[in-house]
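Visitor: Each protein sequence line maps, in turn, to chains A and B. Read the first sequence against the numbering used here and you will find it ends at 206, with the numbers running on by one and no gaps. Read the second sequence against the numbering used here and you will find it ends at 1249, with the numbers running on by one and no gaps. Every residue, glycine too, gets a C-beta built ideally from N, C-alpha and C.
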Amino acid sequence: MLDRNGIAQRIAQELQNGWYVNLGIGIPTLVANYIPEGISVEFQSENGLLGMGPFPYEGEEDADLINAGKQTVTMLPGGSIFDSSLSFAMIRGQHVQLTVLGAMEVADNGDIANWKIPGKMVKGMGGAMDLVASADNIIVAMSHTNRKGESKLLRQCTLPLTGVGCVKKIVTNMAVLDVTDQGFKLLERAPGVSVEDIKNATEGRLIVEGDIPEMRL
Amino acid sequence: MNKVVANAREAIAGIEDNMTLMVGGFGLCGIPENAISALVELGASGLTCISNNAGVDDFGLGLLLQKKQIKKMISSYVGENAEFERQMLSGELEVDLIPQGSLAERCRAGGAGVPAFFTPAGYGTEVAEGKEVRYFNGKPHILENALHADFALVKAWKGDRFGNLVFKGTARNFNPVMAMAGKITVVEVEELVEPEALDPNHIHLPGVFVQRIFQGSNYEKRIEQRTVRSRD
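1. Taking the alpha carbon of K109(A) as the point to measure from, which residue in C1066(B), R1103(B), A1198(B) has its own alpha carbon closest?
2. Report the CB separation of M1028(B) from A1061(B) in whole angstroms; it is logged as a contact under 8 Å.
3. Please report whether the beta-carbon of Q60(A) lies at a distance below 7 Å from any beta-carbon of chain B.
4. Determine the closest residue to V30(A) out of D200(A), P45(A), H84(A), with distance taken between C-alpha atoms.
5. Can you find a C-beta in chain B that's less than 7 Å from the C-beta of S73(A)?
6. Do G154(A) and N103(A) count as a contact pair if the criterion is CB distance below 7 Å?
7. Find out if the Cβ-Cβ distance for the pair K112(A), G1118(B) is shorter than 7 Å.
8. Can you check whether the CB of C1124(B) is closer than 7 Å to the CB of V1194(B)?
9. Helix, strand or coil, according to DSSP, for D119(A) in the structure here?
10. Tell me whether H1165(B) sits in a helix, a strand or coil according to DSSP, three-state version.
11. When DSSP labels each residue in this structure, what does N11(A) get in the three-state scheme?
12. Skipping 5 residues on each side, what residues in its chain have a beta carbon closer than 6 Å to that of Y1063(B)?
13. Contact criterion: CB-CB distance below 7 Å. Does N992(B) meet it with respect to chain A?
14. Which residues, in chain order, does the stretch 1089 to 1113 of chain B contribute to contact with chain A at a C-beta distance below 9 Å?
15. What do you reckon, are the CB atoms on A1121(B) and F32(A) nearer than 7 Å?
16. Who pairs with D(-8)(A) in a beta bridge, going by DSSP?
17. Which same chain residues, not among the five before or five after V129(A), have their C-beta less than 6 Å away from its C-beta?
18. Return the first residue and the last residue of the beta strand (DSSP E) that L1082(B) is part of.
19. To the nearest angstrom, report how far apart G161(A) and P1212(B) are at their CA atoms.
20. Is M114(A) close to chain B? Criterion is C-beta to C-beta, closer than 7 Å.
21. Give the list of continuous alpha helix (DSSP H) stretches no shorter than 4 residues that lie fully inside the stretch 1078 to 1158 of chain B.
22. With C-beta atoms as the reference, is N1098(B) less than 7 Å away from D1075(B)?
23. Out of V168(A), Q145(A), K137(A), N135(A), state which residue places its alpha-carbon closest to the alpha-carbon of N126(A).
24. Taking the beta strand (DSSP E) that I70(A) belongs to, which residues open and close that run?
25. Would you give the residue range spanned by the alpha helix (DSSP H) that V1194(B) belongs to?
26. If we call anything under 7 Å between Cβ atoms a contact, is H1221(B) one with L1182(B)?
27. Specify the secondary structure class of Y46(A) as computed by DSSP and reduced to three states.
28. Since I believe L1038(B) is in contact with A1166(B) (beta carbons under 8 Å), could you give me their beta-carbon distance rounded to a whole number of angstroms?
29. Helix, strand or coil for L1056(B) per DSSP?
30. Quick one, are the C-beta atoms of V89(A) and L12(A) less than 7 Å apart?
31. Please check the pair G1047(B) and K1172(B), which I expect to be a contact at CB under 8 Å, by giving their CB distance rounded to whole angstroms.
32. Just reading off the alpha helix (DSSP H) that M79(A) is part of, what are its end residues?
33. If the criterion is Cβ atoms closer than 7 Å, does the pair M64(A) and G40(A) meet it?
34. What is the DSSP secondary structure of N126(A), counted as helix, strand or coil?
35. Who are the neighbours of C1046(B) on chain A, taking C-beta pairs under 9 Å?
36. What residue ranges within the stretch 166 to 193 of chain A form continuous beta strand (DSSP E) runs of no fewer than 3 residues, ordered along the chain?
Printed below as a string of structure tokens:
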């Protein structure tokens, strides 16, 4: 099984040279730590910056420079700043090639739910609905099951949706899966995880064809 | 032209009960601290506030929530405020959550004279309920209306007496689009400068959108999530 960093490391392998990438809060943020050698990408933060760098050194925090998670960040050479409307013009206009975000549930038709648990948690969708409705490539980073051990890869989402039919790929602590017309297609297993384990942890339709290789990190 | 007023109290003169306000900022970054404080003093209530977030318990719009001055919030993310959550769950506070990109574009549209637009964001979700759906290039979109406000409360880094504005870092966020959409746009700046001090090529928002501007003071600029890396 992978930990949070392992999930981020595996997702980083999907990055392609020259891409603009939006990373959501949580595990997705960690992807920036594992950019493969020889790959150059720029990170977009929807509150209004491109060319986001690492966290600042202690004492160099700037209250006027934060990411969408409200964390203090830095900027890299070539970065730029813009307002919220232009930020989502980039996203809606498909100038950002990849979105990585977390989820509470994903259905085997690509539906995603990650913003509301009725009666319990209502924090809001932030930019997630805009991001999932427009991005060409959407990778979900999440644990395969919830705290109760129930599958988060479902036949149908039970929580209010963030977007419909939009998720293309999922990387969990157990597996890498593509979302296809026939359901979740198992591509890779995490180290020490069997196909049987993944079947047991997946409620939605799961396609297993041939030998499933172990992830290489 | 001179849009300068003496202080925050003068700047917000005319805000009355039950008005709709836009308030700039993302989290606590780029919020109009002085105008919010003056509004707490003024005590206007029944307000509808359009703002990406609702501040934290003891800062930003949280200060207006504590005083129960807000009747309705229109926001995209409201996660960091316990008092907000309490008022929402008890039904005291009406909340309209909308996607962040739609919120920004609805403000921009309001200021730009575009009454409504189609966006794919929110299609197939609660957000789309009751909204017209139309297909463009085979893809479903929903109709979103422009937003307007009686007052827009905005924070900029530098500005001149014409209302020309320059923002700093990610404190820009919603401030320019909200400035465009206010019937009366009130701007507070860290530095009120002579017009010659601003290069017209580098103005982020032309003064035409601004009605009142004042020199802010005592900025706290609170950081919500202080994150650092070690030097080794």
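Guide: Taking the coordinates as given:
1. R1103(B)
2. Here the sequence assigns Ala to residue 1028(B), which means Met is not the residue at that position. For A1028(B) against A1061(B), the beta-carbon gap comes to about 14 Å, at or over 8 Å, which does not count as contact.
3. yes
4. H84(A)
5. yes
6. Cβ atoms of N103(A) and G154(A): not closer than 7 Å.
7. One thing to note: K112(A) has its Cβ no nearer than 7 Å to the Cβ of G1118(B).
8. yes
9. helix
10. coil
11. strand
12. Before going on, a small fix: residue 1063(B) reads as Gly here, not Tyr. D1034, N1035, K1088, listed in sequence order.
13. Absent from the structure is residue 992(B), since the part of chain B shown begins at 1018 and ends at 1249.
14. S1092, S1093, Y1094, V1095, G1096, E1097, E1102, M1105, L1106, V1112
15. no
16. BP columns for D(-8)(A) are empty, so no partner.
17. A92, V95, V156, I159
18. No beta strand (DSSP E) contains L1082(B), which is instead part of the alpha helix (DSSP H) from 1079 to 1083.
19. Here residue 161(A) turns out to be Thr, not Gly, going by the sequence shown. The straight-line gap from Cα to Cα measures roughly 55 Å.
20. yes
21. 1079 to 1083, 1099 to 1106, 1117 to 1129
22. The Cβ atoms of N1098(B) and D1075(B) do not sit closer than 7 Å to each other.
23. V168(A)
24. Looking at the DSSP string, the run of the beta strand (DSSP E) that includes I70(A) is 64 to 70.
25. 1192 to 1198
26. yes
27. Residue state, collapsed to three classes: strand.
28. 6 Å
29. helix
30. yes
31. 5 Å
32. 73 to 81
33. yes
34. strand
35. N36, A52, D53, L54, I55, K59
36. 172 to 178
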